[in-house]
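**Student:** From first to last, the protein sequence lines stand for chains L and H.
Here the first sequence stands for residues 10 to 526, where the numbers follow the working numbering.
Here the second sequence stands for residues 245 to 657, where the numbers follow the working numbering.
Attaching a single structure in structure tokens format; questions to follow.
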Amino acid sequence: MDSPLSSDLRSSQLAQSSWCHPANKVHRFLALLLMCFLCFGSYFCYDTPGALADNFKGDSHLNTSQFALLYSIYSWPNVILCFIGGYLIDRYFGIRLGTIIYMIIVTLGAIIFATGVYINAYWLMILGRFIFGIGGESLQVAVNSYVVLWFKGKELNMVFGLQLSFSRFGSTVNFWVMEPIYRWVANYYGGYERLGVALFIASLTCVGSLICGLLLGWMDYRAEKILGRREEHNSEEPLRLLDIVHFKPVFWLVSVICVAYYLAIFPFIALGKLFFERKFDFLPQDANTVNSMVYLLSAALSPFFGILIDKTGRNVMWVIISTITTIGAHFLLAFTFFNPYLGVIILGISYSLLASGLWPLVALIVAGNQLGTAYGICQAVQNLGLATVLILAGVIVDRYGYFMLEMFFLACLFISLIAAVLIYIVDSANNGVLNMSPSTRESITKQCDDENDDETANLLDHEHGSEQEVTDSRDQTSSIQNQPPLVQRDLAQSQSDRIRSRYITQLLPNTNIPERQ
Amino acid sequence: MFPSTIKVYIIFLIVFLLQSTAYGQHRTITSKLNPGCKDCGLNSTLIYVKAEGLVDTIHQIWDFTQGIPTMILAVGSGNSSIDINWSGSKPMNFSMLEKPHYSYATAIDKIYEYNDLEDIGAFDVNRPYRIQSLKNVSWELKESVLTSKKVMVRLRGTLRDKEGRGTVEMKLEYVNFTDYARTLPHLIHNANNTLVDISLVNLTTSRHFNSSRFAVHLVLVSEDLNNLTMHSVTRKSLDDEHTPGVFEIIEINSPRLWFTGSGGFLQFRPVAYVESQRNVASSTLAHVSNFTKTSLPQWSTLETFYEGYDKMSLLVQDLVVSFGEPGDGFYKQHNYTAWSYTLGYGWPPAPSLSLMGVMIISLGITVLMALLGAGCVMFVMRCWCRKTTSPSHPSHLTDEDSLERRCNGFRTI
């Protein structure tokens, strides 16, 4: 390991104006480009079954239940991994190694899946998707860490937005190109082999992302040396599951939306291609294009909706509005023969709007040092919901058809709407903090901070505070007694900041799509 | 608000139940196997079904005695009946005291094997194909149910000619109530129609064809002027609940049905199955060709039945129904293709939402209304509370208690 002196020397040798210097804008732009491509492969390959749904039926002879399991199996490992993926990076791997390990897992998963399809072995397909799932979600956490490391304090919002929009664009591109790739491969191969070869080609995007990961790792290593930066290895537990007992009902209502709402989005996209082909007589390529609209709109509109919600606040109202418009979109798709672009565009807009309004709610509900746990739980229940419901969705299509699947999605959205209205009611009973305009929120925060400063001063006088943070709003006396001492507050704050950086994507206005959300 | 929702729900249910019962007019069924035949053995099957309704009687003849599977549907007055005279084990003459008001018939007289070199799926008359007549097929009755509620026969025909071998299985079912068929594609059958299911099992393919698919040739006969034509109607339904993944239903209506509403029809989904275990994965497309004018097959039961009819008042057309879709591996992939249709009289039944579907929709509307109501009540209450508290609290943010409560709320709702 280099001494600080040698790194200073190198730093001085390389002028900051040079594009080779890690602090230079061009250099950081190159790093950003690599970060964008890091998740591209994973997002691209995630939806390859969806883009080739009819070919999976025709070539591999999978029924819808088996097909849906390809998606479901991805979510199973992430019920747990969304808690520990980031922890492993922090404590054991470090960002560079962690990213490369997760990227290797993703690539391996994609290749195994393609091999399974190539030899028409369903178990191998499932194994491939399972391995792919192990790496996929954790990779996003690793990339988030990279973004924070490289752009902390500088263009962080924009970079997060760009990176996630680009990842989402990977899914869109997949829907655009897989059908032509499949048709091209069909000139040389037949049966399930052509599908397998098409998937091998798709997995090349993961190899490309892996190369990006290696390059970025090297750039980061170099930057560490030149800037004398040290990668922090935290030994603390990143998440405290016992925090769950302190979460208020309104948090669980948000979790219900996290599950119920997204159940009407992702399974729909996964099974959508055949729906568009069969109900609306779309050609496979056109069906893929309409199916990709949700992701495309999400990538394009999220930053704008982030700004909208930043300006207007009233998150709960936006959540309710977007849930109602999503119901309208599914209603159009289920009960009419209108051009499905109409329904899907409404769906894409609503989905982006909901994400912008919903995820910042968690930060308003849960105390800062419990944020990691809260987001972890949201993701875990969401993955659990997706894992189980995707199987159910496949069975519904096989036994009762797409119309009943749409009924199921509508039922999920009604549950989501009930939860959103309940949040509004509970929030109203608590002076409507969640549904405030930003100016009101800001003025109250300011006044609360002033009040807290007075409280802290009092506590410093009598150092009797327990280690617990304030959790109960109704008991003012106990909340004052439970305030931590200043030093502990700082420790908690620093840990909170670290967790915050990991989950910052959920909080930032233009980066409100955590992992697969 | 709530009573109106309940009202909508009840109307929905009533409409649903009325629609369900309106489909099938109740009919009294009498059925016989080879009625009046003394020389018929196990390989001779003709089923006569008489379904008496309040205003008319539907007579059905399902004949397999002359190789070509033939289904004839004749509508007569309330107490009419058909007598069959036999020549050995074959029907020689069908007689009715009173000429039927109307008749409609179908026969599957040929199977086409076509070489789908471009892997399109549909039969194309310009591509190589060969014809296998079903005239010489011997049909063995495998199962029969002849009760007052249901008539069902299952037969197996064996193809044994120079060109090819294999089995053709047929199942015909008639019930006097409205129901969806038990097997996919779950077509609706009621007292006015009969469900016909045909399976082509292990047919040997031509050595000269390497992309073989099979199609069935259907002859349609209707008591209509022969300068008219059958009408093919493709209807889209929102609901694919009964046939998952298939939103279309095809009807081939006779001119009389088209113009007067009381003629014969053929109804089917454009789907076939390539495995005996029918499901979405084993489904393939069924393609229908255009109609062409033709004549009654020679030496067939159709010819016997329509003997003496004026040729000008008999519309005879044929069509080819082919099976397959690109990339499915052709017939040899599974050596099995099954297809179903219904043959009936009157307006073809329209599929409707199941009770479960209706329940979900009405429940959704109820929830939406309830939420809307709750939201409105909340909004009104909040406005009312603000009005009543505003004189004593001109600026709530400056009030200490209020701020305290708000801060607590902000931290940990």
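Backbone N, C-alpha and C fix where the C-beta goes; we use that ideal spot for every residue, glycine too.
Here the structure is a predicted model, which is why all the values come from computation and not from measurement.
If you drop the 5 nearest sequence neighbours on each side, which residues of the same chain put their C-beta closer than 7 angstroms to that of Asn64 of chain L?
**Tutor:** Here residue 64 of chain L is taken as the residue at index 55 of the first sequence, counted from 1. Counting only Cβ-Cβ distances below 7 angstroms, and skipping sequence neighbours, we find Tyr191 and Leu204.
**Student:** Suppose you measure from the CA of Glu417 of chain H to the CA of Trp583 of chain H; what does that come to, to the nearest Å?
**Tutor:** Locating residue 417 of chain H in the second sequence gives position 173, counting from the first residue. Locating residue 583 of chain H in the second sequence gives position 339, counting from the first residue. Cα-Cα distance, rounded: 14 angstroms.
**Student:** Where does Glu485 of chain H land, buried or exposed, given buried means 16+ other C-beta within 10 angstroms?
**Tutor:** Reading the second sequence from its first residue, position 241 is the one you call residue 485 of chain H. By the C-beta density criterion, Glu485 of chain H is buried, having at least 16 other C-beta atoms within 10 angstroms.
**Student:** Can you name the residues that DSSP bridges to Ile305 of chain H?
**Tutor:** Counted from its first residue, the second sequence places residue 305 of chain H at position 61. Bridge partners of Ile305 of chain H according to DSSP: H:Tyr292 and H:Ile316.
**Student:** Out of curiosity, what's the CA-to-CA distance linking Ser154 of chain L and Leu97 of chain L?
**Tutor:** Position 145 of the first sequence holds residue 154 of chain L. Position 88 of the first sequence holds residue 97 of chain L. Near 12 angstroms, if we compare the C-alpha coordinates of Leu97 of chain L and Ser154 of chain L.
**Student:** Figure out for me which residue from H:Thr427, H:Arg409 and H:Gly408 has the closest Cα to the Cα of Lys415 of chain H.
**Tutor:** Residue numbering aside, residue 415 of chain H sits at position 171 when the second sequence is read from its first letter. If we check each option's Cα against that of Lys415 of chain H, H:Thr427 comes out closest.
**Student:** Can you name the start and end residues of the alpha helix (DSSP H) that Phe139 of chain L belongs to?
**Tutor:** Locating residue 139 of chain L in the first sequence gives position 130, where the first residue counts as 1. Phe139 of chain L -> alpha helix (DSSP H) spans Tyr131 to Phe160.
**Student:** Short of 8 angstroms in beta carbon distance, which residues of its chain neighbour Ser520 of chain H, apart from the five on each side in sequence? Order them along the chain.
**Tutor:** Numbered from its first residue, the second sequence carries residue 520 of chain H at position 276. Hits under 8 angstroms: Ser443, Tyr580 and Ala582.
**Student:** Find the residues of chain L that neighbour Gly507 of chain H, judging by a C-beta separation of less than 8 angstroms, and give them in chain order.
**Tutor:** For this step, residue 507 of chain H is matched to residue 263 along the second sequence. The contacting residues do not exist; Gly507 of chain H stays about 28 angstroms from chain L at best.
**Student:** Is Val126 of chain L close to chain H, meaning its C-beta is less than 7 angstroms from at least one C-beta of that chain?
**Tutor:** As a first step, residue 126 of chain L is located in the first sequence; it is residue number 117 there, counting from the start. Val126 of chain L does not count as touching chain H.
**Student:** If I measure Cβ to Cβ from Asp441 of chain H and keep anything under 6 angstroms in the same chain, skipping five residues before and after, which residues do I get?
**Tutor:** For the purposes of this step, residue 441 of chain H is taken as residue 197 along the second sequence, with counting starting at 1. Cβ neighbours of Asp441 of chain H beyond the five flanking positions: Lys415 and Ser584.
**Student:** Leaving out five residues on either side along the sequence, give the residues of the same chain with a beta carbon under 6 angstroms from the beta carbon of Leu532 of chain L.
**Tutor:** This structure does not reach residue 532 of chain L, given that chain L is present from 10 up to 526, and the question cannot be answered.
**Student:** Where does Val463 of chain H sit, in a helix, a strand or coil, going by DSSP?
**Tutor:** One-based indexing of the second sequence puts residue 463 of chain H at position 219. In this structure, Val463 of chain H counts as strand in the three-state DSSP scheme.
**Student:** 7 angstroms is my cut-off, CB to CB: does Pro488 of chain H come that close to chain L?
**Tutor:** Here residue 488 of chain H refers to the residue found at position 244 when the second sequence is read from its first residue. Answer yes: the Cβ-Cβ gap between Pro488 of chain H and chain L drops below 7 angstroms somewhere.
**Student:** Hey, how far is the Cα of Phe421 of chain H from the Cα of Gly508 of chain H?
**Tutor:** Numbered from its first residue, the second sequence carries residue 421 of chain H at position 177. Numbered from its first residue, the second sequence carries residue 508 of chain H at position 264. Each residue's Cα considered, the two are about 19 angstroms apart.
**Student:** Please classify Asp363 of chain H: does DSSP put it in a helix, a strand, or coil?
**Tutor:** Mapped onto the second sequence, residue 363 of chain H falls at position 119. Coil at Asp363 of chain H, not helix or strand.
**Student:** Is the Cβ-Cβ distance between Phe423 of chain L and Val611 of chain H less than 7 angstroms?
**Tutor:** Locating residue 423 of chain L in the first sequence gives position 414, where the first residue counts as 1. Locating residue 611 of chain H in the second sequence gives position 367, where the first residue counts as 1. Taking 7 angstroms as the Cβ cut-off, Phe423 of chain L and Val611 of chain H qualify as a contacting pair.
**Student:** Is any beta-carbon of chain H found at less than 7 angstroms from that of Val430 of chain L?
**Tutor:** The count along the first sequence starts at 1 and reaches residue 430 of chain L at position 421. Closer than 7 angstroms to the CB of Val430 of chain L there is at least one CB belonging to chain H.
**Student:** Find the residues of chain H that neighbour Leu412 of chain L, judging by a C-beta separation of less than 8 angstroms, and give them in chain order.
**Tutor:** Your numbering for residue 412 of chain L matches position 403 in the first sequence. The amino acid at residue 412 of chain L is misidentified as Leu; the sequence shows Phe. Neighbours of Phe412 of chain L on chain H, chain order: Leu482, Asp483, Asp484, Glu485 and Gly601.
**Student:** For Phe209 of chain L, which residues in the same chain have their Cβ closer than 6 angstroms to its Cβ, ignoring the five residues on either side in sequence?
**Tutor:** Numbered from 1 along the first sequence, position 200 holds the residue referred to as residue 209 of chain L. If we look at Phe209 of chain L and ignore the five residues flanking it on each side, its Cβ neighbours are Ala123.
**Student:** Quick check on this structure: which residue in L:Leu280, L:Tyr433 and L:Val259 has the alpha carbon closest to the alpha carbon of Ile330 of chain L?
**Tutor:** Locating residue 330 of chain L in the first sequence gives position 321, where the first residue counts as 1. Closest option to Ile330 of chain L, Cα to Cα, is L:Tyr433.
**Student:** Who are the Cβ neighbours of Lys386 of chain H in its own chain at under 7 angstroms, not counting the five residues just before and after it?
**Tutor:** Counting from one through the second sequence, the residue named residue 386 of chain H turns up at place 142. Cβ within range, chain order: Arg398, Leu399 and Arg400.
**Student:** Shortest alpha-carbon distance to Arg685 of chain H belongs to which of H:Glu495, H:Asn470, H:Val518 and H:His430?
**Tutor:** Nothing about residue 685 of chain H can be reported from this structure: the residues present for chain H run from 245 to 657 only.
**Student:** For a test of the three-state rule: what should DSSP assign to Met474 of chain H, helix, strand or coil?
**Tutor:** Sequence index remark: in the second sequence, residue 474 of chain H carries index 230 (1-based). Met474 of chain H falls in the coil class under three-state DSSP.
**Student:** Shorter than 7 angstroms from the beta carbon of Phe423 of chain L to some beta carbon of chain H?
**Tutor:** Taking the first residue of the first sequence as 1, we reach residue 423 of chain L at position 414. Answer yes: the Cβ-Cβ gap between Phe423 of chain L and chain H drops below 7 angstroms somewhere.
**Student:** Thinking C-beta only, is Val395 of chain H closer than 7 angstroms to Val293 of chain H?
**Tutor:** As a working mapping, residue 293 of chain H is identified with position 49 in the second sequence. As a working mapping, residue 395 of chain H is identified with position 151 in the second sequence. Closer than 7 angstroms, so yes.
**Student:** Using C-beta distances below 6 angstroms, list every residue in its chain close to Thr108 of chain L, excluding the 5 sequence neighbours before and after it, in chain order.
**Tutor:** Position 99 of the first sequence, counting from 1, holds the residue named residue 108 of chain L. So the list reads Ala151 and Gly222, once near-sequence residues are dropped.
**Student:** Is it true that the CB of Asn297 of chain L sits closer than 7 angstroms to the CB of Phe178 of chain L?
**Tutor:** On the first sequence, position 169 is the one that residue 178 of chain L refers to. On the first sequence, position 288 is the one that residue 297 of chain L refers to. No, Cβ-Cβ distance for Phe178 of chain L and Asn297 of chain L is not below 7 angstroms.
**Student:** If you measure beta-carbon to beta-carbon, which residues of the segment 68-85 of chain L are closer than 7 angstroms to chain H?
**Tutor:** Asp68, His70, Leu71, Asn72 and Thr73
**Student:** What is the DSSP secondary structure of Glu357 of chain H, counted as helix, strand or coil?
**Tutor:** As a position in the second sequence, residue 357 of chain H is number 113, starting the count at 1. Strand, per DSSP.
**Student:** Taking contact to mean 3 or more Cβ pairs, one atom from each stretch, closer than 8 angstroms, check whether the segment 555-564 of chain H and the segment 524-534 of chain H are in contact.
**Tutor:** yes
**Student:** Are at least three pairs of beta-carbons, each pair with one atom in the segment 308-315 of chain L and one in the segment 357-366 of chain L, less than 8 angstroms apart?
**Tutor:** yes
**Student:** I need the boundaries of the alpha helix (DSSP H) containing Gly107 of chain L, first residue and last residue.
**Tutor:** Your numbering for residue 107 of chain L matches position 98 in the first sequence. Here the alpha helix (DSSP H) through Gly107 of chain L covers Gly103 to Tyr127.
**Student:** Measuring straight from C-alpha to C-alpha, what distance separates Phe347 of chain L and Tyr198 of chain L?
**Tutor:** Working through the first sequence from its first residue, we reach residue 347 of chain L at position 338. Working through the first sequence from its first residue, we reach residue 198 of chain L at position 189. Taking C-alpha positions only, Phe347 of chain L is separated from Tyr198 of chain L by approximately 37 angstroms.
**Student:** Can you list, in chain order, the residues of the segment 282-312 of chain L whose Cβ is nearer than 8 angstroms to any Cβ on chain H?
**Tutor:** Leu283, Arg287 and Lys288
**Student:** Using beta-carbon positions only, say whether Asn392 of chain L and Val186 of chain L come within less than 7 angstroms of one another.
**Tutor:** Position 383 of the first sequence holds residue 392 of chain L. Position 177 of the first sequence holds residue 186 of chain L. No, the Cβ-Cβ distance between Asn392 of chain L and Val186 of chain L is not below 7 angstroms.
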